[in-house]
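Residue numbering for the sequence shown follows the numbering used here, starting at 89 and increasing by one per position. Data first, discussion second: the structure below is written as structure tokens.
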Amino acid sequence: MFQKILIANRGEIALRVLRAAKELGIQTVVVHSTADADAMHVRLADESVCIGPPPSRDSYLNIHQIVAACEITGADAVHPGYGFLSENAKFADILAAHNITFIGPSGDHIRVMGDKIEAKRTAKRLGIPVVPGSDGAVSDEGEAKRIAAAIGYPVIIKASAGGGGRGMKVARSETDLVEALQTARSEAGAAFGDDAVYIEKYLEKPRHIEIQVFGDGAGKGIHLGERDCSLQRRHQKVWEEANSPALNEEQRTQIGGICSRAIADLGYSGAGTIEFLYENGEFYFIEMNTRLQVEHPVTEAITGIDLVHEQIRVASGGGLSVRQEDIRFHGHAIECRINAEDPKTFVPSPGTITHFHTPGGLGVRVDSGVYSGYRIPPYYDSLIGKLIVHGRNRVECMMRLRRALDEFVVDGINTTLPLFRELVGNPDIANGDYDIHWLEKHLAETQ
Ligand code: ADP
């Protein structure tokens, strides 16, 4: 087991990882920017190192400073959290070269899954169902037209280096296609420095369903069921649940089996998420995230398994603590991402939290790095906390969620809490009857 883990992140996820490390009796080091000197993860860590000024590129993305912090403190492993350097293959390689363990997969696996064309090719080879589309990058207009005609309109053009929903364009006809191809390529080039794009069938009313997987790096793979993350705004997840209201046990076992076998074949190590669009009973792979996800607590709630403990165990060579046949899914869990944003306009709302009171009671978990009197710096993501609620079934979970949302108090700044108080009373949400476009449509109708 590791002696000392350095946490290369901030906010709620830094605290989440810190708690897991402490439970395992491992010393913790956190790094922080000058803007985060007062952050909760800095207060609770055994040691902290200031690695630079507020902008992420000078601090949380500064590989040299982070490696130096490991050497100064003698950390033997790094947990990257999500975002920042968590899917940076170069970072994983550099740590390996310094004999520091990256708590995550190999640099090579990160690289393959970070290139969407390569990821899709790999998924297909491993027997994972993919969205019909081009086999690789498409640059030629004539070729694009032939592929689109073959799979049928509408189609979506996506950037191979894409992320965060950028560089995607939908084309509903051949006339649209020519323009969409050009715009997607120039957007991708500007945003990612790589203008390779590919074509996929555009699914009109899919759900977003993702499978949590784990590999031990030695040919064993397991799955921990799915999460339904269909409630999204601008391709950002807002509300996540497990299990999906749309799947039955048989579908869960089938897609989970496909994913765990793929992970085993790949020799993958650590936590991963295989993301699908789901429509008319079919799954279509869109991407794999080679890290812990923001929404991992809903899986923890229904399985009782601490995913960060597992990540640390696997990375230290201790293997997985569970076998597939030991994993059971209990009840239902929902997570709401609470952002420091105006609940109508979604404009970020940094500033001082004058009062912070979290709900409690059976089945209620709050993962947050903020506290009363905390000043939210304006430089980072607006996520200030996650409310995760568990119940014996979806109805109980929704009742508990409504109660927990009523108890939650955040004063001094705007948050998205009012949006969730409204969603929890909506009949479509109550029935689990929504797709990836539902929330945007709902917001457009109610604003
Ligand atoms: P990113 O890495 O930029 O987030 P993804 O490939 O994960 O890109 O896609 C993000 C979102 O875009 C999906 O959750 C979905 O809402 C939409 N999307 C992607 N591919 C398709 C498709 N083929 N049909 C319909 N919507 C899609």
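Built from N, CA and C at the ideal position, the CB exists for glycine as well. Predicted model only: the values in this text are computed from it and were never measured.
Could you check whether residue j and residue i sit closer than 9 Å to each other, using their CB atoms as the reference points?
i    : j    : result
V226 : L291 : no
G520 : R490 : no
Y366 : H296 : yes
E288 : K233 : no
A165 : I188 : yes
Y170 : R379 : yes
I239 : G224 : no
W327 : R425 : yes
I524 : K293 : yes
V410 : V105 : no
A359 : Q320 : no
S348 : H311 : yes
P37  : A96  : No answer is possible for residue 37: the residues shown for the chain start at 89 and end at 535.
G344 : I299 : yes
V386 : I422 : yes
I390 : H420 : yes
L507 : V498 : no
F417 : P447 : no
I205 : N176 : no
L354 : G303 : yes
K257 : A237 : no
Q412 : R315 : no
A276 : D203 : no
Within a Cβ cutoff of 7 Å, which residues of the same chain sit near residue i, ignoring the five residues on either side of it in sequence?
i    : result
S437 : A428, E429, D430, I501 and N502
V512 : M486, L489, R490 and L493
I346 : G215 and I216
A518 : M486
G253 : R322 and H323
A123 : P142, P465 and Y467
K432 : Q535
A127 : R98, H120 and G457
Assign residue i to one of two classes, buried (16 or more other C-beta atoms within 10 Å of its C-beta) or exposed (fewer than that).
i    : result
Y459 : exposed
G255 : buried
K308 : buried
A185 : exposed
E375 : buried
M89  : exposed
G215 : exposed
I414 : Before going further, note that residue 414 is Asp rather than Ile in the sequence given. Exposed: under 16 other Cβ atoms inside 10 Å.
A125 : exposed
H549 : Here the chain has residues from 89 to 535 only, and residue 549 is not among them.
Q153 : buried
G230 : exposed
R213 : exposed
P466 : exposed
T361 : buried
D455 : buried
R131 : exposed
L450 : exposed
G195 : buried
S121 : buried
R453 : buried
E267 : exposed
V301 : buried
H445 : exposed
Which same chain residues end up closer than 6 Å to residue i when comparing Cβ atoms and leaving out the 5 residues on each side of it in sequence?
i    : result
R509 : L493
Y148 : F172
R260 : Y241 and P242
K325 : C317
C158 : L94 and I188
G99  : G457
H384 : L395
M201 : A207, M376 and T378
S470 : N427, A428, E429 and P436
D146 : G140
Among residues of its own chain, excluding the 5 on either side of residue i, which ones have a beta-carbon nearer than 8 Å to its beta-carbon?
i    : result
T161 : K92, L94, V117, E135 and V137
I182 : I151 and V155
Counting contacts by CB-CB distance shorter than 9 Å, is residue i in contact with chain B?
i    : result
S332 : Absent from the structure: chain B. Only one protein chain is present.
Is it a yes or a no for the region 265-285 touching the region 328-338, going by three-plus beta-carbon pairs under 8 Å?
no
Enumerated in chain order, which unbroken segments of the beta strand (DSSP E) with a length of 3 residues or greater are wholly contained in the region 228-277?
243-247 and 257-259
What residue ranges within the region 341-387 form continuous alpha helix (DSSP H) runs of no fewer than 4 residues, ordered along the chain?
none
Please give me, in chain order, every unbroken run of the alpha helix (DSSP H) with length at least 4 that falls completely inside the region 165-225.
177-185, 195-202 and 204-213
Cβ contact check for the region 474-488 and the region 391-409: 3 or more pairs under 8 Å:
no
Is there contact between the region 435-451 and the region 460-470, where contact requires at least three CB pairs shorter than 8 Å?
yes
Runs of 4 residues minimum, wholly inside the region 98-150: which ones carry the alpha helix (DSSP H) assignment?
99-111 and 128-132
Please go through the region 469-503 and give each complete beta strand (DSSP E) segment of 3 or more residues, from N-terminal end onward.
471-479 and 497-499
Could I get the ranges of all uninterrupted alpha helix (DSSP H) runs contained in the region 393-460, with 4 residues as the minimum, in chain order?
395-403
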